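Engineer:
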Amino acid sequence: MPLVLFVILGCLQLFLLSQARLFAQYGVFQATRVGSLNHGACTPMTHAAILSVLPAVHSFLGDRRVPGATPGEQLGQAFGRFRDNHYQGYMGAGWNSAGGDTEALVWLVREQPTPTLADVIAFDQPLPRAGRTEPLRLEVRMVFWAPLRIPFADWVFSRIAAARLGLSSYTEQNPLMMTRAADWEVSPRPTINARMADELRLRLARGHYMFPIEVSSTMRMMTPPRLSEFAAAECAAPGFEP
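Quick note on numbering: the sequence shown equals residues 955 to 1196 in my numbering.
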(Lines of atoms letter the chains of each structure in order from A and count residues from 1; the text may use other names and numbers.)
(Lines give C-alpha, C1' and ligand atoms only; values in the text may rest on other atoms or scores of the structure.)
Protein backbone atom coordinates (compact mmCIF):
# COMPACT_ATOMS: atom_id res chain seq x y z
CA MET A 1 0.00 0.00 0.00
CA PRO A 2 2.73 2.59 0.79
CA LEU A 3 4.34 1.92 -2.59
CA VAL A 4 1.06 2.44 -4.46
CA LEU A 5 0.46 5.64 -2.51
CA PHE A 6 3.94 6.87 -3.33
CA VAL A 7 3.50 6.14 -7.04
CA ILE A 8 0.45 8.42 -7.07
CA LEU A 9 1.84 11.16 -4.86
CA GLY A 10 5.31 10.87 -6.37
CA CYS A 11 3.94 11.48 -9.87
CA LEU A 12 2.22 14.63 -8.61
CA GLN A 13 5.44 15.79 -6.95
CA LEU A 14 7.50 15.14 -10.08
CA PHE A 15 5.02 17.15 -12.11
CA LEU A 16 5.25 20.05 -9.66
CA LEU A 17 9.06 19.88 -9.75
CA SER A 18 9.07 19.98 -13.55
CA GLN A 19 6.82 23.04 -13.36
CA ALA A 20 9.14 24.58 -10.77
CA ARG A 21 12.07 24.18 -13.14
CA LEU A 22 10.17 25.98 -15.89
CA PHE A 23 9.34 28.80 -13.48
CA ALA A 24 12.99 28.92 -12.38
CA GLN A 25 14.26 29.20 -15.96
CA TYR A 26 11.75 31.95 -16.65
CA GLY A 27 12.68 33.61 -13.37
CA VAL A 28 16.40 33.79 -14.10
CA PHE A 29 15.63 35.19 -17.56
CA GLN A 30 13.45 37.90 -16.04
CA ALA A 31 16.03 38.66 -13.36
CA THR A 32 18.74 39.01 -16.02
CA ARG A 33 16.54 41.21 -18.20
CA VAL A 34 15.62 43.48 -15.28
CA GLY A 35 19.26 43.64 -14.20
CA SER A 36 20.33 44.56 -17.72
CA LEU A 37 17.88 47.48 -17.68
CA ASN A 38 18.65 48.55 -14.09
CA HIS A 39 22.46 48.78 -13.92
CA GLY A 40 22.79 45.25 -12.52
CA ALA A 41 21.01 46.21 -9.28
CA CYS A 42 20.20 43.28 -7.00
CA THR A 43 16.88 44.39 -5.51
CA PRO A 44 14.87 44.66 -8.76
CA MET A 45 16.51 41.47 -10.02
CA THR A 46 15.49 39.58 -6.89
CA HIS A 47 11.93 40.88 -7.04
CA ALA A 48 11.63 39.85 -10.70
CA ALA A 49 12.84 36.35 -9.87
CA ILE A 50 10.45 35.98 -6.91
CA LEU A 51 7.47 37.13 -8.97
CA SER A 52 8.32 34.54 -11.62
CA VAL A 53 8.67 31.55 -9.28
CA LEU A 54 5.82 32.54 -6.96
CA PRO A 55 3.25 30.12 -8.47
CA ALA A 56 5.56 27.22 -7.54
CA VAL A 57 5.65 28.45 -3.93
CA HIS A 58 2.05 29.50 -3.30
CA SER A 59 -1.13 28.85 -5.31
CA PHE A 60 -2.49 32.29 -4.55
CA LEU A 61 -5.28 32.21 -7.16
CA GLY A 62 -6.93 29.23 -5.46
CA ASP A 63 -6.46 30.46 -1.90
CA ARG A 64 -9.49 32.26 -0.47
CA ARG A 65 -7.33 33.55 2.36
CA VAL A 66 -5.53 35.84 -0.09
CA PRO A 67 -7.49 39.11 -0.37
CA GLY A 68 -8.08 40.79 -3.71
CA ALA A 69 -10.89 41.16 -6.22
CA THR A 70 -8.73 40.48 -9.29
CA PRO A 71 -5.86 38.10 -10.07
CA GLY A 72 -3.53 41.11 -10.18
CA GLU A 73 -4.51 42.16 -6.67
CA GLN A 74 -4.07 38.62 -5.40
CA LEU A 75 -0.64 38.44 -7.03
CA GLY A 76 0.30 41.67 -5.29
CA GLN A 77 -0.82 40.33 -1.93
CA ALA A 78 1.08 37.07 -2.42
CA PHE A 79 4.21 38.93 -3.53
CA GLY A 80 3.97 41.12 -0.45
CA ARG A 81 4.36 38.03 1.73
CA PHE A 82 7.54 36.88 -0.01
CA ARG A 83 9.12 40.10 -1.31
CA ASP A 84 11.80 39.94 1.40
CA ASN A 85 12.96 36.66 -0.14
CA HIS A 86 12.43 34.25 2.74
CA TYR A 87 10.04 31.45 3.68
CA GLN A 88 8.84 32.93 6.97
CA GLY A 89 5.04 32.74 6.84
CA TYR A 90 4.97 29.93 4.30
CA MET A 91 2.09 27.56 5.03
CA GLY A 92 3.00 24.22 3.50
CA ALA A 93 1.75 20.86 4.76
CA GLY A 94 3.44 20.02 8.05
CA TRP A 95 5.54 23.17 7.88
CA ASN A 96 6.93 24.79 10.99
CA SER A 97 8.22 28.33 10.91
CA ALA A 98 11.51 27.67 12.74
CA GLY A 99 14.34 29.18 10.72
CA GLY A 100 12.11 30.24 7.83
CA ASP A 101 13.33 33.83 8.03
CA THR A 102 16.85 32.66 7.12
CA GLU A 103 15.79 30.47 4.20
CA ALA A 104 15.72 32.34 0.90
CA LEU A 105 13.46 31.50 -2.02
CA VAL A 106 16.17 32.35 -4.55
CA TRP A 107 19.92 32.88 -4.61
CA LEU A 108 21.28 35.13 -7.36
CA VAL A 109 24.92 35.25 -8.44
CA ARG A 110 26.15 37.59 -11.17
CA GLU A 111 28.91 35.56 -12.78
CA GLN A 112 29.59 38.40 -15.21
CA PRO A 113 30.52 41.18 -15.61
CA THR A 114 33.27 42.35 -13.29
CA PRO A 115 32.96 46.00 -14.31
CA THR A 116 35.58 48.71 -13.99
CA LEU A 117 35.30 52.48 -13.93
CA ALA A 118 36.44 52.52 -17.56
CA ASP A 119 33.49 50.29 -18.47
CA VAL A 120 31.10 52.81 -16.93
CA ILE A 121 32.68 55.90 -18.50
CA ALA A 122 32.99 54.41 -21.98
CA PHE A 123 29.80 52.34 -21.88
CA ASP A 124 28.25 54.04 -24.94
CA GLN A 125 31.47 54.27 -26.94
CA PRO A 126 31.81 52.20 -30.13
CA LEU A 127 33.50 48.82 -29.99
CA PRO A 128 36.21 47.65 -30.15
CA ARG A 129 37.92 50.08 -27.82
CA ALA A 130 40.90 50.01 -25.50
CA GLY A 131 40.53 47.17 -23.03
CA ARG A 132 37.29 45.78 -24.46
CA THR A 133 36.33 44.16 -27.74
CA GLU A 134 32.83 42.92 -26.85
CA PRO A 135 29.87 44.55 -25.10
CA LEU A 136 29.29 43.96 -21.40
CA ARG A 137 27.05 40.99 -20.72
CA LEU A 138 25.17 40.23 -17.53
CA GLU A 139 25.38 36.52 -16.75
CA VAL A 140 23.25 35.36 -13.84
CA ARG A 141 23.15 32.03 -12.05
CA MET A 142 20.11 31.41 -9.88
CA VAL A 143 19.25 28.74 -7.34
CA PHE A 144 15.53 28.37 -6.70
CA TRP A 145 14.78 26.53 -3.47
CA ALA A 146 11.60 24.86 -4.66
CA PRO A 147 9.34 23.54 -1.88
CA LEU A 148 8.21 19.92 -2.13
CA ARG A 149 4.50 20.42 -1.59
CA ILE A 150 3.08 16.88 -1.62
CA PRO A 151 2.92 15.16 1.80
CA PHE A 152 4.75 11.83 2.17
CA ALA A 153 6.34 12.25 -1.25
CA ASP A 154 8.23 15.27 0.10
CA TRP A 155 9.92 13.20 2.81
CA VAL A 156 10.76 10.29 0.49
CA PHE A 157 12.09 12.59 -2.24
CA SER A 158 14.21 14.45 0.30
CA ARG A 159 15.78 11.26 1.67
CA ILE A 160 16.53 9.94 -1.80
CA ALA A 161 17.90 13.31 -2.94
CA ALA A 162 20.11 13.60 0.15
CA ALA A 163 21.69 10.27 -0.74
CA ARG A 164 22.04 10.98 -4.46
CA LEU A 165 23.53 14.41 -3.85
CA GLY A 166 26.10 13.06 -1.42
CA LEU A 167 24.66 14.52 1.79
CA SER A 168 23.58 11.52 3.87
CA SER A 169 22.51 7.91 3.47
CA TYR A 170 19.30 6.29 4.72
CA THR A 171 19.33 2.63 5.68
CA GLU A 172 16.47 2.39 8.17
CA GLN A 173 13.02 0.95 7.46
CA ASN A 174 12.02 1.47 3.85
CA PRO A 175 8.84 3.60 3.84
CA LEU A 176 7.86 2.10 0.48
CA MET A 177 8.34 -1.55 1.48
CA MET A 178 7.86 -1.81 5.22
CA THR A 179 9.37 -5.30 5.54
CA ARG A 180 12.73 -4.21 4.15
CA ALA A 181 15.46 -1.78 5.04
CA ALA A 182 16.20 1.05 2.65
CA ASP A 183 19.54 1.01 0.84
CA TRP A 184 19.74 4.64 -0.16
CA GLU A 185 23.49 4.93 0.16
CA VAL A 186 25.23 8.26 -0.12
CA SER A 187 26.76 8.94 -3.53
CA PRO A 188 30.59 8.99 -3.49
CA ARG A 189 30.57 11.95 -5.88
CA PRO A 190 28.56 14.95 -4.63
CA THR A 191 26.82 16.74 -7.48
CA ILE A 192 26.23 20.12 -5.81
CA ASN A 193 28.70 22.61 -4.40
CA ALA A 194 29.52 22.75 -0.70
CA ARG A 195 27.50 25.89 0.00
CA MET A 196 24.33 24.46 -1.51
CA ALA A 197 24.94 21.14 0.23
CA ASP A 198 25.27 22.80 3.64
CA GLU A 199 22.11 24.83 3.09
CA LEU A 200 20.09 21.83 1.89
CA ARG A 201 21.28 19.75 4.83
CA LEU A 202 20.21 22.51 7.24
CA ARG A 203 16.74 22.87 5.71
CA LEU A 204 16.08 19.15 5.65
CA ALA A 205 17.10 18.90 9.31
CA ARG A 206 14.37 21.45 10.09
CA GLY A 207 11.79 19.43 8.20
CA HIS A 208 11.66 22.01 5.41
CA TYR A 209 11.66 19.72 2.40
CA MET A 210 12.96 21.55 -0.66
CA PHE A 211 14.99 20.88 -3.77
CA PRO A 212 17.55 23.33 -5.21
CA ILE A 213 17.04 24.05 -8.91
CA GLU A 214 20.04 25.76 -10.52
CA VAL A 215 19.55 27.72 -13.75
CA SER A 216 21.36 30.49 -15.62
CA SER A 217 20.80 33.19 -18.21
CA THR A 218 22.80 35.89 -19.97
CA MET A 219 21.97 39.15 -21.73
CA ARG A 220 23.78 42.23 -22.97
CA MET A 221 23.88 45.11 -20.49
CA MET A 222 21.51 47.82 -21.72
CA THR A 223 22.53 50.29 -19.00
CA PRO A 224 25.98 51.00 -17.56
CA PRO A 225 26.78 48.92 -14.49
CA ARG A 226 26.56 50.64 -11.11
CA LEU A 227 29.87 49.84 -9.45
CA SER A 228 28.39 50.01 -5.94
CA GLU A 229 26.13 47.09 -6.88
CA PHE A 230 29.07 44.92 -7.90
CA ALA A 231 31.06 44.92 -4.67
CA ALA A 232 30.33 41.17 -4.66
CA ALA A 233 28.99 38.84 -7.32
CA GLU A 234 26.28 37.48 -5.01
CA CYS A 235 23.06 39.30 -4.32
CA ALA A 236 22.61 39.22 -0.54
CA ALA A 237 19.68 37.13 0.67
CA PRO A 238 18.59 35.65 4.01
CA GLY A 239 21.13 32.96 4.85
CA PHE A 240 23.16 33.82 1.74
CA GLU A 241 25.62 36.60 2.41
CA PRO A 242 28.44 37.51 -0.02
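From the three backbone atoms N, C-alpha and C, an ideal C-beta is built for every residue, glycine too.
Note that the structure is a prediction, hence the values are computed from the model and not measured.
Please go through the same chain and pick out, in chain order, the residues whose beta-carbon is closer than 8 Å to the beta-carbon of Thr1000, but skip the five residues on each side of it.
Structural biologist: In the sequence shown, residue 1000 corresponds to position 46, counting from 1. Contacts found: Ala985, Asn1039, Val1060, Leu1062, Cys1189, Ala1191.
Engineer: Could you name the residues of the same chain whose beta carbon sits closer than 7 Å to that of Glu1139, not counting the 5 residues immediately before and after it, in chain order?
Structural biologist: Position 185 of the sequence shown, counted from the start, is the residue given in the question as residue 1139. Result list for Glu1139: Ala1117, Ser1123, in chain order.
Engineer: May I have a chain-ordered list of the beta strand (DSSP E) segments no shorter than 3 residues that lie completely inside the region 1083–1171?
Structural biologist: Qualifying beta strand (DSSP E) stretches, in chain order: 1091–1101.
Engineer: Could you tell me the alpha carbon to alpha carbon distance between Leu1156 and Gly1193, rounded to whole angstroms?
Structural biologist: Counting from one through the sequence shown, the residue named residue 1156 turns up at place 202. Counting from one through the sequence shown, the residue named residue 1193 turns up at place 239. Straight-line Cα distance between these residues: approximately 11 Å.
Engineer: Quick one: give me the first and last residue of the alpha helix (DSSP H) that Arg1064 is part of.
Structural biologist: Walking along the sequence shown from the start, residue 1064 turns up at place 110. Arg1064 -> not in any alpha helix (DSSP H); beta strand (DSSP E) instead, spanning 1060–1066.
Engineer: Does DSSP put Met1173 in a helix, a strand or coil?
Structural biologist: Position 219 of the sequence shown, counted from the start, is the residue given in the question as residue 1173. Here Met1173 sits in strand by DSSP.
Engineer: Work out the CA separation of Ala1187 and Asp1137 for me, nearest whole Å.
Structural biologist: Counted from its first residue, the sequence shown places residue 1137 at position 183. Counted from its first residue, the sequence shown places residue 1187 at position 233. Whole-angstrom Cα-Cα distance: 40 Å.
Engineer: Leaving out the 5 sequence neighbours to the left and right, which residues in its chain are closer than 8 Å to Val1094 when beta-carbon positions are compared?
Structural biologist: The count along the sequence shown starts at 1 and reaches residue 1094 at position 140. Result list for Val1094: Val982, Ala985, Thr986, Gly989, Met999, Leu1062, Val1063, Arg1064, Glu1065, Ser1170, Ser1171, Thr1172, in chain order.
Engineer: If you compare alpha carbons, which of Glu1153, Phe1111, Pro1089 is closest to Asn1128?
Structural biologist: Reading the sequence shown from its first residue, position 174 is the one you call residue 1128. It is Phe1111 whose Cα lies nearest to the Cα of Asn1128.
Engineer: Which of the three DSSP states is assigned to Ala1191 in this structure?
Structural biologist: Your numbering for residue 1191 matches position 237 in the sequence shown. Ala1191: strand per DSSP, three-state reduction.
Engineer: Relative to the alpha-carbon of Arg1149, which residue among Leu1181, Pro1196, Ala995, Phe1106 has its alpha-carbon at the smallest distance?
Structural biologist: One-based indexing of the sequence shown puts residue 1149 at position 195. Ranking Leu1181, Pro1196, Ala995, Phe1106 by Cα distance to Arg1149 puts Pro1196 first.
Engineer: Here's the rule I'm using: 16 or more other beta-carbon atoms within 10 Å means buried, otherwise exposed. How should Gln1079 be labelled?
Structural biologist: Your numbering for residue 1079 matches position 125 in the sequence shown. Gln1079 is exposed by the Cβ-count criterion.
Engineer: Between Thr1068 and the rest of its own chain, which residues show a CB-CB distance below 6 Å, the 5 nearest in sequence each way excluded?
Structural biologist: In the sequence shown, residue 1068 corresponds to position 114, counting from 1. Excluding sequence neighbours, Thr1068 sits near nothing in its chain.
Engineer: Note the first and the last residue of the continuous alpha helix (DSSP H) segment covering Leu1029.
Structural biologist: As a first step, residue 1029 is located in the sequence shown; it is residue number 75 there, counting from the start. Segment 1025–1036, the alpha helix (DSSP H) holding Leu1029.
Engineer: What three-state label does DSSP hand Gly964 in the structure shown?
Structural biologist: Here residue 964 is taken as the residue at index 10 of the sequence shown, counted from 1. The answer is helix: DSSP assigns Gly964 an H, G or I state.
Engineer: Between which two residues does the alpha helix (DSSP H) containing Ser1051 stretch?
Structural biologist: The residue given as residue 1051 occupies position 97 in the sequence shown. Taken as a continuous stretch (DSSP letters only), Ser1051 belongs to no alpha helix (DSSP H), as it is neither H nor E.
Engineer: According to the neighbour-count rule (16 or more other Cβ atoms, all chains shown, within 10 Å of its Cβ), is Ile1004 buried or exposed?
Structural biologist: One-based indexing of the sequence shown puts residue 1004 at position 50. The residue is buried, with at least 16 neighbouring Cβ atoms inside 10 Å.
Engineer: Please go through the same chain and pick out, in chain order, the residues whose beta-carbon is closer than 7 Å to the beta-carbon of Ser1013, but skip the five residues on each side of it.
Structural biologist: Indexing the sequence shown from 1 puts residue 1013 at position 59. If we look at Ser1013 and ignore the five residues flanking it on each side, it has no Cβ neighbours.
Engineer: In terms of alpha-carbon separation, which member of Arg1091, Leu1092, Met1176, Ala1072 lies closest to Ala1084?
Structural biologist: Here the question's residue 1084 lines up with position 130 in the sequence shown. Of the listed residues, the one whose Cα sits closest to Ala1084 is Ala1072.
Engineer: Mind checking which residues open and close the alpha helix (DSSP H) that includes Thr997?
Structural biologist: Residue mapping note: residue 997 aligns to position 43 of the sequence shown, counting from 1. 996–1011 is the extent of the alpha helix (DSSP H) around Thr997.
Engineer: For Gln979, which residues in the same chain have their Cβ closer than 7 Å to its Cβ, ignoring the five residues on either side in sequence?
Structural biologist: The residue given as residue 979 occupies position 25 in the sequence shown. Once the five neighbours on either side are set aside, the close Cβ partners of Gln979 are Val1169.
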